[in-house]
Amino acid sequence: MTYAEYEEFVMEVSTNFEKETEENAFFRAKRKEKLRTEYETELINMFIRYDWDKSGSLEYKEVFGILAELKFSDIDAEMVEALVDQYDKDGNGAVDEDEFLELALDALLTLTGDGSLIGSIAD
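Encoded structure:
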């Protein structure tokens, strides 16, 4: 393979990767939109139920309770803290309703498609 052929190959792979990444982002956004439409009410009800101190936001322990209910059994306190920190856009150490919805919808996107977690929301 000549250098020119190699360079052409690399450019083709790079272009294909960028195209696949854009397509994946599009389909992920559409799936997230569908999940929001189907489960937003249940997720908001869950938020209200777990907002134990009625502050309008969820702290680590409250998010941990929701994730446990949603059958994320392999998650620990450190992971929950990292999630809250990631989705806490205003930096107050907790997630408000909108931040929680983003966190929950992204968590639901991690499902393999068997519906077991989603089924637990509607129960």
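In our numbering, the protein residues as written are 111 to 233.
Beta carbons: idealized from backbone N, C-alpha and C, even for Gly.
As the structure is a computational prediction, the values presented were derived from the model and not from experiment.
Label residue i either buried or exposed according to how many other C-beta atoms from any shown protein chain fall within 10 Å of its C-beta, with 16 as the threshold for buried.
{"i": "F174", "result": "buried"}
{"i": "I176", "result": "buried"}
{"i": "Y113", "result": "exposed"}
{"i": "E172", "result": "buried"}
{"i": "I139", "result": "Reading the sequence as shown, one finds Ala at residue 139 and not Ile. With fewer than 16 other Cβ atoms within 10 Å, it is exposed."}
{"i": "M121", "result": "exposed"}
{"i": "F210", "result": "buried"}
{"i": "A178", "result": "exposed"}
{"i": "E115", "result": "exposed"}
Quick check: what's the CA-CA separation for residue i versus residue j?
{"i": "E169", "j": "T220", "result": "22 Å"}
{"i": "T222", "j": "D208", "result": "Bear in mind that the predicted position of T222 carries a pLDDT of just 48, short of 50, making it unreliable; the figure below should be weighed with that in mind. Approximately 24 Å between the Cα atoms of the pair."}
{"i": "S124", "j": "S165", "result": "48 Å"}
{"i": "A192", "j": "D163", "result": "21 Å"}
{"i": "Y160", "j": "G203", "result": "16 Å"}
{"i": "D195", "j": "R146", "result": "22 Å"}
{"i": "D200", "j": "F157", "result": "18 Å"}
{"i": "A217", "j": "K142", "result": "10 Å"}
Taking DSSP as the reference, what is the three-state secondary structure of residue i?
{"i": "D200", "result": "coil"}
{"i": "D208", "result": "helix"}
{"i": "L180", "result": "coil"}
Exercise. Taking one C-beta from the region 186-193 and one from the region 140-157 each time, how about it: are there three or more such pairs within less than 8 Å?
Worked result: no
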